[in-house]
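In this text, residue positions in the sequence shown follow my numbering: the first is 117, and each later residue adds one.
Where is the CB? At the ideal position from N, CA and C, for every residue including glycine.
Keep in mind that this is a model prediction, so the values were computed, not measured.
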Amino acid sequence: MILRHPRREEIPQLAELWSDCFSDAQEDVARFLDQVLRPEYGLVVLQPNGRPAAMLTMLPVMMHTNTNIYKGSYLYGVCTHPDFRGQGYFHQLMERAKEEAKSQNRQFLCLVPEGEKLFSLYRSLGYETLFYRTQKKLNPLDYEDRQVLCTMEEIGEGYYIKLRQLYLSGLDLSVQFDGTLQTILYQDLKDAGCRMISVQCRYGHGCVVFTQRRDTMEIWEAAMDPTCFYSIITSLAQRFGAKQVLLTGHPCYAGAQQELSPYGMYLPLEDKLALPGEKYPQPYMNLMLDQ
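In structure tokens, the structure reads:
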């Protein structure tokens with residue numbers, strides 16, 4: 117068994133492994149890996165014949181608090197081929213990822229488990245569930261009495277990234293992609309059929325990311341203060357002919373505990389970053405390529 121950094125010429129084989137383990141199309145995975153993969157951004161376990169048996173990617177992220185910015189790695193695409201499971205490759209990958217992150221002066225690791233069962237697996241490795249998201253169903257007509265004048269326009273990559281960065285940087289604690297990965301996130305959202313709308317009213321300025329199926333609008337993120345959002349949701353829904361809104365967003369949008377769902381897990385690599393949830397009660401991570 118060989119565990120090392122991947123090589124660019126191995127991208128087709130890595131994409132095949134990824135596609136075997138997840139539901140992503142192989143050509144889409146190959147395009148993604150071609151964009152992001154540097155040797156230090158991944159790990160691979162090789163079979164005796166040289167083909168990949170297990171892999172993960174380590175994408176650079178930043179954690180903003182109201183006093184500091186910390187560098188971390190987001191573990192994505194962690195997988196082992198079904199024929200090679202039960203041989204310890206997963207645990208070896210995860211341990212090596214921790215060592216690699218420390219060698220790159222990364223201060224934490226984070227990830228989004230693929231399904232509820234994996235939360236307990238990652239918890240056994242020391243990860244804690246730090247990030248939650250609000251998920252709730254809204255009737256836009258219930259907010260007519262809060263409606264105020266607003267302006268809306270569809271926006272492109274540059275303005276969207278700027279507005280989202282402003283929103284995340286204004287939160288007590290948030291995690292976002294580093295550098296060019298924000299462009300890749302934007303393209304990933306567009307490929308999923310998302311639209312980005314800039315909204316401005318007397319309560320603030322922000323953006324909404326959503327898809328729509330018939331008369332149901334599914335909001336993937338409302339990057340604005342809740343007061344602003346609830347004052348424009350009726351107008352937004354009417355503009356696009358939506359009669360129902362499914363909202364995913366910051367924990368502050370939750371009116372009750374049952375509207376919160378676990379999303380991301382966190383492992384500090386420095387003692388000073390342990391238990392950030394005690395200091396920052398509503399840490400936020402969203403739109404991390406795992407939707």
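(request) Give the range of the alpha helix (DSSP H) segment to which P128 is assigned. (result) Position 12 of the sequence shown, counting from 1, holds the residue named residue 128. Its alpha helix (DSSP H) spans residues I127 to C137.
(message) Mapping the DSSP letters down to three states, classify Q374 as helix, strand or coil.
(response) Numbered from 1 along the sequence shown, position 258 holds the residue referred to as residue 374. Residue state, collapsed to three classes: helix.
(request) Taking M333 as part of the beta strand (DSSP E), name the residues at either end of that continuous run. (result) On the sequence shown, residue 333 is found 217 positions in, with the first residue counted as 1. Where M333 is concerned, the enclosing beta strand (DSSP E) stretches over T332 to A339.
(message) Helix, strand or coil for H207? Go by DSSP, reduced to three states.
(response) Within the sequence shown, residue 207 is the residue found at index 91, counting from 1. The answer is helix: DSSP assigns H207 an H, G or I state.
(request) Report all residues from its chain with a CB closer than 8 Å to the CB of I271; omit the five preceding and five following residues, and keep chain order. (result) If you number the sequence shown from 1, residue 271 lands on position 155. L279, M312, I313, S314 and C323, listed in sequence order.
(request) Compare the C-alpha of G302 against each of L257, F326 and S285 and name the closest. (result) To locate residue 302, count along the sequence shown from 1; it is residue 186. According to the sequence shown, residue 302 is Tyr rather than Gly. The shortest C-alpha separation from Y302 is found at F326.
(request) Report the rounded CA-to-CA distance for Y248 versus P378, giving the unit in angstroms. (result) In the sequence shown, counting from the first residue as 1, residue 248 sits at position 132. In the sequence shown, counting from the first residue as 1, residue 378 sits at position 262. Going by the C-alpha atoms only, they are around 4 Å apart.
(request) Out of L172, K253, Y276 and I185, state which residue places its alpha-carbon closest to the alpha-carbon of W134. (result) Counting from 1 along the sequence shown, the entry for residue 134 is found at position 18. The option with the nearest alpha carbon to W134 is L172.
(message) Taking 7 Å as the limit between beta carbons, can you name the residues of its chain near Y275, skipping five residues before and five after?
(response) Residue 275 sits at position 159 when you count from the first residue of the sequence shown. The residues are S314.
(message) Using only CA atoms, which one of T181, L284, R201 and L175 lies nearest to V152?
(response) Counting from one through the sequence shown, the residue named residue 152 turns up at place 36. Nearest option by C-alpha distance: L175.
(request) Just grab the DSSP bridge partners of Q360 for me. (result) Counted from its first residue, the sequence shown places residue 360 at position 244. T332, per the DSSP bridge assignment.
(message) Restricting to runs no shorter than 3 residues, where is the beta strand (DSSP E) found entirely within the segment 208-293?
(response) 224-227, 244-254, 266-270 and 289-293
(request) For C195, name the three-state secondary structure that DSSP assigns. (result) The residue you call residue 195 lines up with position 79 of the sequence shown. Correct three-state label for C195: strand.
(message) Could you give the first and the last residue of the continuous beta strand (DSSP E) run that contains G158?
(response) Mapped onto the sequence shown, residue 158 falls at position 42. Per DSSP, G158 belongs to the beta strand (DSSP E) from G158 to L162.
(message) Out of E244, P168, Q223 and P342, which one is the CA nearest neighbour of L209?
(response) To locate residue 209, count along the sequence shown from 1; it is residue 93. Considering only alpha carbons, the answer is P168.
(request) Using a Cβ cut-off of 7 Å (strictly closer), state whether G320 contacts chain B. (result) No chain B appears in the structure shown, which is made up of a single protein chain.
(message) Check whether the segment 246-262 and the segment 355-366 touch, using three or more Cβ-Cβ pairs below 8 Å as the test.
(response) yes
(request) Specify the secondary structure class of Q410 as computed by DSSP and reduced to three states. (result) The requested residue 410 is not part of the displayed model; the chain covers only 117 to 407.
(message) I need the straight-line Cα distance from Y415 to N221, nearest angstrom please.
(response) Outside the shown range of the chain (117 to 407) lies residue 415, about which nothing can therefore be said.
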